[in-house]
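Protein chains in written order, with my numbering: chain U, 331 to 482; chain H, 331 to 482; chain X, 47 to 128; chain Z, 47 to 128.
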Amino acid sequence: MNLPTIFSITESELDLNDLLAQITLTSTGAAAIFTGMVRGETARGDAHVTEYLEYEAYVPMAEAKMKQVADEIRERWPVIEGIAVVQRIGKLYPKTPTVLIACTAAHRDTGVFEAARYGIDRLKEIVPVWKKEIGPDGEEWVEGDYIPKPGE
Amino acid sequence: MNLPTIFSITESELDLNDLLAQITLTSTGAAAIFTGMVRGETARGDAHVTEYLEYEAYVPMAEAKMKQVADEIRERWPVIEGIAVVQRIGKLYPKTPTVLIACTAAHRDTGVFEAARYGIDRLKEIVPVWKKEIGPDGEEWVEGDYIPKPGE
Amino acid sequence: MNHIKLLFFATIRDRAGTKSLEMDIPTDLTIQGLKEKLSTDYPNLKESMKSVLITINREYAFDDAVVPPSAEIALFPPVSGG
Amino acid sequence: MNHIKLLFFATIRDRAGTKSLEMDIPTDLTIQGLKEKLSTDYPNLKESMKSVLITINREYAFDDAVVPPSAEIALFPPVSGG
Numbered sequence: 331m332n333l334p335t336i337f338s339i340t341e342s343e344l345d346l347n348d349l350l351a352q353i354t355l356t357s358t359g360a361a362a363i364f365t366g367m368v369r370g371e372t373a374r375g376d377a378h379v380t381e382y383l384e385y386e387a388y389v390p391m392a393e394a395k396m397k398q399v400a401d402e403i404r405e406r407w408p409v410i411e412g413i414a415v416v417q418r419i420g421k422l423y424p425k426t427p428t429v430l431i432a433c434t435a436a437h438r439d440t441g442v443f444e445a446a447r448y449g450i451d452r453l454k455e456i457v458p459v460w461k462k463e464i465g466p467d468g469e470e471w472v473e474g475d476y477i478p479k480p481g482e
Numbered sequence: 331m332n333l334p335t336i337f338s339i340t341e342s343e344l345d346l347n348d349l350l351a352q353i354t355l356t357s358t359g360a361a362a363i364f365t366g367m368v369r370g371e372t373a374r375g376d377a378h379v380t381e382y383l384e385y386e387a388y389v390p391m392a393e394a395k396m397k398q399v400a401d402e403i404r405e406r407w408p409v410i411e412g413i414a415v416v417q418r419i420g421k422l423y424p425k426t427p428t429v430l431i432a433c434t435a436a437h438r439d440t441g442v443f444e445a446a447r448y449g450i451d452r453l454k455e456i457v458p459v460w461k462k463e464i465g466p467d468g469e470e471w472v473e474g475d476y477i478p479k480p481g482e
Numbered sequence: 047m048n049h050i051k052l053l054f055f056a057t058i059r060d061r062a063g064t065k066s067l068e069m070d071i072p073t074d075l076t077i078q079g080l081k082e083k084l085s086t087d088y089p090n091l092k093e094s095m096k097s098v099l100i101t102i103n104r105e106y107a108f109d110d111a112v113v114p115p116s117a118e119i120a121l122f123p124p125v126s127g128g
Numbered sequence: 047m048n049h050i051k052l053l054f055f056a057t058i059r060d061r062a063g064t065k066s067l068e069m070d071i072p073t074d075l076t077i078q079g080l081k082e083k084l085s086t087d088y089p090n091l092k093e094s095m096k097s098v099l100i101t102i103n104r105e106y107a108f109d110d111a112v113v114p115p116s117a118e119i120a121l122f123p124p125v126s127g128g
């Protein structure tokens, strides 16, 4: 069976309808989709206001690592049918979806939610994408904290 | 704060982009979205093929119970910002999204996935919607099995 | 007597052969009593009354509830949406 | 000598003042050795070398890995996408 796997870095708007359709098979009955968006106001930690974020990626490696995230999902949840992992880059304003992880399966109770959750957690660990936050007080790179282990 | 809550029975196509935008606030950084779709081929249980499903709803009560599902989500996960609960009815063919539950929050790790999962489970228990399955061997109502308790 | 409206959905509607009907019932009739009355008046519905869900004014109702005046009563099988 | 390509991203690029450069390195140079060489040749990068992530041909690499011929080496801080 040919299971659809989408992984891409894009500068275009994320189209959830289109991405979902691309990972829906005749046997699909459920999809769990995660999207992240630019927060204009953050309350947790140092409360602050964001004017926009500027995303950049090491594109060929990022796409390869997104493929790896999809492969890891399939290994852990073999019932998953379609997977989409898409990161938007460039200058992105509050309320804009920036990243999408979607997983489909025949039923909702065999791991589809857990798979999507795993996907976004993993993307934020190993996919080489960075964002700089531009606010009223200047600009600052957002700091990640995960150090990949050998083989990751 | 005015938190957006969408609950509706519709005969129109589900537009995920539009629904997500409607429940995204300036403080929103994460969304978990569940969609169910018509399966054309089912392997679990009695394996069978579906030509289409015909959905009907007791519309005013269904919308009130969808609102109740949203209220229950907010009670359990007070960090949830926006909620959308939408059920499409009518004649729906394989691969078509039929139902959507979406929850937004500032961050992805405070219950947004669990809230969406709770929402779809609850919808399938108490929201008065039924579906008839039309296949090569005729038509049959899909049987639910949940008996609501007093006060539900 | 109370005048009430009955709505039928899914399998129950198929058996009733109609989406809705109106009827007059005694003022103290319970849901249990209503089920018995329907079983008698509409023999096709008798079997369905064992597992039917019933709502009074769009809230789930149970056997000992008394049907209020002008109630909107719905009868349907366990839900199967999604 | 090996000819390699270096790519810098995010904070590391800001400090390097360039997105990429090419250089010749000894054939047995390790990632650890490369970091030391960069700290010496580009003093601006010295501080960054403590917490930098390094990849060889798009796979994460560690201090004792030897840099292969014609490698594409990238240097960047921990990722922060999403």
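For each residue, glycine too, the CB sits at the ideal point set by N, CA and C.
Quantities reported herein were computed from a predicted structural model and do not represent experimental measurements.
With DSSP collapsed to three states, give me the class of D70/X. In the third sequence, counting from the first residue as 1, residue 70/X sits at position 24. In this structure, D70/X counts as strand in the three-state DSSP scheme.
* Asked: With 9 Å set as the bound, which would you pick, yes or no: does the beta-carbon of V113/Z sit closer than that to a beta-carbon of chain U?
  -> As a first step, residue 113/Z must be located in the fourth sequence, where it is residue number 67. Using a CB distance cut-off of 9 Å, V113/Z does not count as an interface residue toward chain U.
If you reduce the DSSP assignment to three classes, tell me which class T86/X lands in. Reading the third sequence from its first residue, position 40 is the one you call residue 86/X. If DSSP states are grouped into helix, strand and coil, T86/X belongs with the helices.
request  = List the DSSP bridge partners of E469/U.
outcome  = Here residue 469/U refers to the residue found at position 139 when the first sequence is read from its first residue. Bridge partners of E469/U: I464/U.
- What in chain H is Cβ-close to L53/X, meaning under 8 Å? Numbered from 1 along the third sequence, position 7 holds the residue referred to as residue 53/X. Y388, listed in chain order.
Self-check item: Within the segment 344-413 of chain U, ranges of the beta strand (DSSP E) (whole runs, at least 3 residues)
Solution: Segments of the beta strand (DSSP E) lying fully in the segment 344-413 of chain U: 360-367 and 382-387.
query: Do A432/U and F337/U have their CB atoms nearer than 9 Å?
result: The residue you call residue 432/U lines up with position 102 of the first sequence. The residue you call residue 337/U lines up with position 7 of the first sequence. Contact: no.
- Leaving aside the five residues before and after H437/U along the sequence, list all residues of the same chain whose C-beta is less than 7 Å from its C-beta, in chain order. What you label residue 437/U is simply residue 107 of the first sequence in a count that begins at 1. Excluding residues within five positions, the ones whose Cβ falls inside 7 Å are G359 and A360.
* Members of the segment 408-437 of chain U near chain Z, C-beta cut-off 8 Å -> So the close ones are Q417, T428 and V429.
What residue range is occupied by the uninterrupted alpha helix (DSSP H) comprising K454/H?
Locating residue 454/H in the second sequence gives position 124, counting from the first residue. Per DSSP, the unbroken alpha helix (DSSP H) holding K454/H starts and ends at V442 to I456.
- Message: Among the candidates E371/U, P390/U and V389/U, whose CA atom is the shortest distance from the CA of E490/U?
- Response: In the structure displayed, chain U extends from 331 to 482; residue 490/U sits before or after that span and is not available.
Subject >> Through-space distance from M391/H to G481/H, alpha-carbon basis >> reply: Stepping through the second sequence from its first residue, residue 481/H is reached at position 151. Stepping through the second sequence from its first residue, residue 391/H is reached at position 61. Rounded to whole angstroms, G481/H and M391/H show a C-alpha spacing of 14 Å.
How is E105/X classed by DSSP in three states: helix, strand or coil?
Position 59 of the third sequence, counted from the first residue, corresponds to residue 105/X. In the three-state scheme derived from DSSP, where H, G and I count as helix and E and B as strand, E105/X is classed as strand.
Ends of the beta strand (DSSP E) at A117/Z?
Here residue 117/Z is taken as the residue at index 71 of the fourth sequence, counted from 1. That residue, A117/Z, is in no beta strand (DSSP E); it is neither H nor E in DSSP.
inquiry  = So with CB distances below 8 Å, who are the chain X contacts of Y382/H?
reply    = Counted from its first residue, the second sequence places residue 382/H at position 52. Near Y382/H there are no residues of chain X at all, since even the closest Cβ is about 15 Å away, more than 8 Å.
Who are the Cβ neighbours of M69/X in its own chain at under 7 Å, not counting the five residues just before and after it? Within the third sequence, residue 69/X is the residue found at index 23, counting from 1. Result list for M69/X: I50 and L52, in chain order.
### Message
In this structure, how does DSSP classify S342/H when only helix, strand and coil are distinguished?
### Response
Taking the first residue of the second sequence as position 1, residue 342/H is located at position 12. Annotated three-state conformation of S342/H is coil, per DSSP.
So what does DSSP say about A436/U, is it helix, strand or coil? Locating residue 436/U in the first sequence gives position 106, counting from the first residue. In the structure shown, A436/U falls within a coil segment according to DSSP collapsed to helix, strand and coil.
- Item | chain B contact residues for E371/H, given Cβ-Cβ distances below 7 Å | Checking the listed chains, one finds no chain B in this structure; the protein chains it contains are U, H, X and Z.
- According to the Cβ coordinates, are E405/H and I353/H closer than 9 Å? Locating residue 405/H in the second sequence gives position 75, where the first residue counts as 1. Locating residue 353/H in the second sequence gives position 23, where the first residue counts as 1. By the CB criterion at 9 Å, E405/H and I353/H fall outside the cutoff.
Notebook entry, point to check: What residues from chain H crowd round V98/X, counting only those whose CB sits closer than 7 Å?
Noted result: Translated into the one-based positions of the third sequence, residue 98/X becomes position 52. Neighbourhood of V98/X in chain H, by CB distance below 7 Å: empty, with the nearest CB roughly 10 Å away.
Are there 16 or more other CB atoms within 10 angstroms of the CB of M47/Z, so buried, or fewer, so exposed? Counting from one through the fourth sequence, the residue named residue 47/Z turns up at place 1. Taking every protein chain shown into account, the CB of M47/Z has fewer than 16 other CB atoms within 10 angstroms, so this residue is exposed.
Which residues, in chain order, does the segment 448-480 of chain U contribute to contact with chain Z at a C-beta distance below 9 Å?
From the segment 448-480 of chain U, only I450, L453, K454, E455, I456, V457, P458, V459, W460, K461, K462, W471, V472, E473, G474, D475, Y476, I477, P478, K479 and P480 have a Cβ closer than 9 Å to chain Z.
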